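Protein chains in written order, with this note's numbering: chain A, 1 to 194; chain B, 1001 to 1194. All C-beta atoms in this analysis are idealised placements derived from N, C-alpha and C, irrespective of residue type, glycine included. Just so it is clear, the structure is predicted and the values come from calculations on it, not from any experiment. Since the structure comes first, as structure tokens, the remarks are kept for the end.
There are 2 protein chains.
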Amino acid sequence: MSANLESVKPLRADARRNRARVLDTAHEVFAAEGFGVPIDEIARRAGVGAGTVYRHFPTKEALFEAVVLDRLDRLVASAPDLAAAHEPGEAFFAFLWASVDEGAGDKGLAEAMAGAGYDIAVLAPEAEQRFRNAFGDLLTRAQAAGAVRAGLTVDDVKALLVGCMAMQRYRSGEAGGLGLLREVVQDGLRGGRN
Amino acid sequence: MSANLESVKPLRADARRNRARVLDTAHEVFAAEGFGVPIDEIARRAGVGAGTVYRHFPTKEALFEAVVLDRLDRLVASAPDLAAAHEPGEAFFAFLWASVDEGAGDKGLAEAMAGAGYDIAVLAPEAEQRFRNAFGDLLTRAQAAGAVRAGLTVDDVKALLVGCMAMQRYRSGEAGGLGLLREVVQDGLRGGRN
DNA sequence: TTGCAAGCGGGGCGACCGTTCCGTATCGTA
DNA sequence: TACGATACGGAACGGTCGCCCCGCTTGCAA
């Protein structure tokens, strides 16, 4: 499963530097404009040639994937801390809104989550699974504590996440982000008639 | 404001037929694949040449707009009937879910609503306004009847609509559509703590 | 039936974009 | 310092797509 032991040859200093620059720039640009930006644009902003981008990442999709997986794993990594620092309901909602904010500020991530053009769940199932697991744990705890209505599945929550990203993205520019809508969603998740 | 009286010259029979075929086909294709489909594809499926499409619609955007406005006005036209036939809360939610279903089954419409690439609110402000007004009336009545929490604006509802379209579209293929999430949203809209 | 304006099809142009290639510059080592 | 390996840049290629053009067809009126 793991990469061949010999396969990692140390990169030359300039190569390592360029790779990092490309990755950073790609993140910025994909976040701002989504998967649609031309590779040439990323190369230009990173101060390298297009050929350099392709030497480090075999296709545009591979570069996009590297960027998205990084953001996704960052999110996943924050879940245990949230679980430890808050009571179950708060932890779940904190993770939900953190994810929504991340996606609303990152068009590429939002597209990847929603499966628009590039689909995480298809291209990187393991990462998608890690994210679902993290969310699933938080959800289960919150449900056990009565902070989120029973019956909701991780899949429901993922769909809701995609929806909330779309909402907040639609609102980008307006002050306050979701505003009242945040309460609407939260109250709905808690359950209606008790 | 209205078109010059002389400007409407009757089309030849074949031209009228072709125009209709293009419009129907464009609706099907944009609904299935979004704004991204090539014009040639629409022309091919309609059984005409690309030149014919461009004689009837000056640009791809104009064709898209014609299709989207048609669907939007259909939706708007259904609002008064809903208002008359149901009590305020039901009418509002019926319109909301009808709009969501429409957008979930029509990628082009969903894109236009969310402002992805092509934005109704920019390209056809009057149509957007008609839609907002229809939704606004329903919302106001529902709020007056206590079926929807106070404080929500038409803009909130439009954002929610965009979000729900994204949710349901994310779920397309799965049986039951939104399922429990429908109740989540409805309960949230009604208001949490009473 | 005939003449012509209206309409048609589809090849072609120009712009854009992902990807490749290769002559040149740079790094790291001995 | 000198040399080979590594990496670089950006021109160029192939494919796609919006849109235009023009020789041919077709509907309609006389």
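By the criterion of at least three beta-carbon pairs nearer than 8 Å, the stretch 41-53 of chain A is not in contact with the stretch 117-131 of chain A. Listed by position along chain A, the residues whose Cβ is nearer than 7 Å to that of V1122(B) form an empty set, because the closest Cβ is around 13 Å away. Annotation for R1169(B): G1103, A1104, K1107 and A1110 place their beta carbon closer than 8 Å to its own, counting only its chain and skipping 5 residues before and after.
With contact defined as three or more Cβ pairs closer than 8 Å, the stretch 1133-1147 of chain B and the stretch 1065-1074 of chain B are not in contact. Residues of chain B with a Cβ closer than 7 Å to the Cβ of G163(A) are, in chain order, G1163, C1164, A1166 and M1167. Between the stretch 1043-1060 of chain B and the stretch 1094-1101 of chain B, the count of C-beta pairs closer than 8 Å stays below three; the two stretches do not touch. Look at the beta carbons and you see the stretch 1184-1193 of chain B touching the stretch 179-190 of chain A: at least three pairs across the two are nearer than 8 Å. Contact of R132(A) with chain B is not assigned, every C-beta pair being separated by 8 Å or more. Rounded to the nearest whole angstrom, the CA to CA distance from A1150(B) to G1089(B) is 13 Å. Within chain A, no C-beta atom comes nearer than 8 Å to that of G1049(B); the closest sits roughly 29 Å away.
Taking 8 Å as the threshold, the shortest C-beta distance from D101(A) to chain B does not fall below it. Rounded to the nearest angstrom, the gap between the Cα atoms of L1180(B) and D156(A) is 8 Å. Contact of A1114(B) with chain A by beta-carbon distance below 7 Å involves A166 and Y170. With respect to A1166(B), A112(A) sits apart: the two C-beta atoms are not nearer than 8 Å. DSSP places K1107(B) inside the alpha helix (DSSP H), whose first and last residues are K1107 to A1114.
For S172(A), the closest alpha carbon among the candidates S1172(B), G1115(B), N1133(B) and S1078(B) is that of G1115(B).
The Cβ atoms of R1016(B) and V1048(B) lie no closer than 8 Å to each other. The shortest C-alpha to C-alpha distance from H27(A) to any of H86(A), R45(A) and R132(A) is the one to R45(A).
Here G1034(B) is buried: its Cβ has 16 or more other Cβ atoms, across all protein chains shown, within 10 Å.
Annotation note: the stretch 124-162 of chain A contains the following uninterrupted alpha helix (DSSP H) runs of length 4 or greater, listed N- to C-terminal: 125-144.
Sixteen is the threshold: when 16 or more other Cβ atoms of the shown chains lie within 10 Å of the Cβ of E128(A), as they do, the residue is buried.
In terms of beta-carbon proximity, G105(A) stays away from the interface with chain B, with every pair separated by 8 Å or more.
Pairing K1158(B) with G1176(B), the inter-Cα distance amounts to about 23 Å. Against chain B, a Cβ distance below 8 Å from L189(A) picks out V1184 and G1188.
DSSP places Y1118(B) outside both helix and strand once states are collapsed to three, so it counts as coil. Contact between R141(A) and A83(A) holds: their C-beta atoms lie close to 7 Å from each other, under 8 Å. DSSP, read as helix, strand or coil, puts E1174(B) in coil.
Distance from the Cα of A1134(B) is smallest, within the candidate group A1079(B), S1099(B) and L1072(B), for A1079(B).
At a beta-carbon threshold of 7 Å, the residues of chain A lying near D1156(B) are L180 and L181, ordered along the chain. One thing to note: G1163(B) has its Cβ within 8 Å of the Cβ of C164(A).
Assignment of L181(A) by DSSP, reduced to helix, strand and coil, places it in the helix class. Proximity of A1091(B) to chain A, defined by a Cβ-Cβ separation below 8 Å, is not satisfied. Residue environment: R12(A) is assigned as exposed (fewer than 16 neighbouring CB atoms within 10 Å of its CB, all protein chains considered). Sequence-ordered contacts of the stretch 1056-1088 of chain B with chain A are nonexistent [C-beta pairs closer than 8 Å]. Under the 10 Å beta carbon count, V1008(B) is surrounded by fewer than 16 other beta carbons and is classified as exposed.
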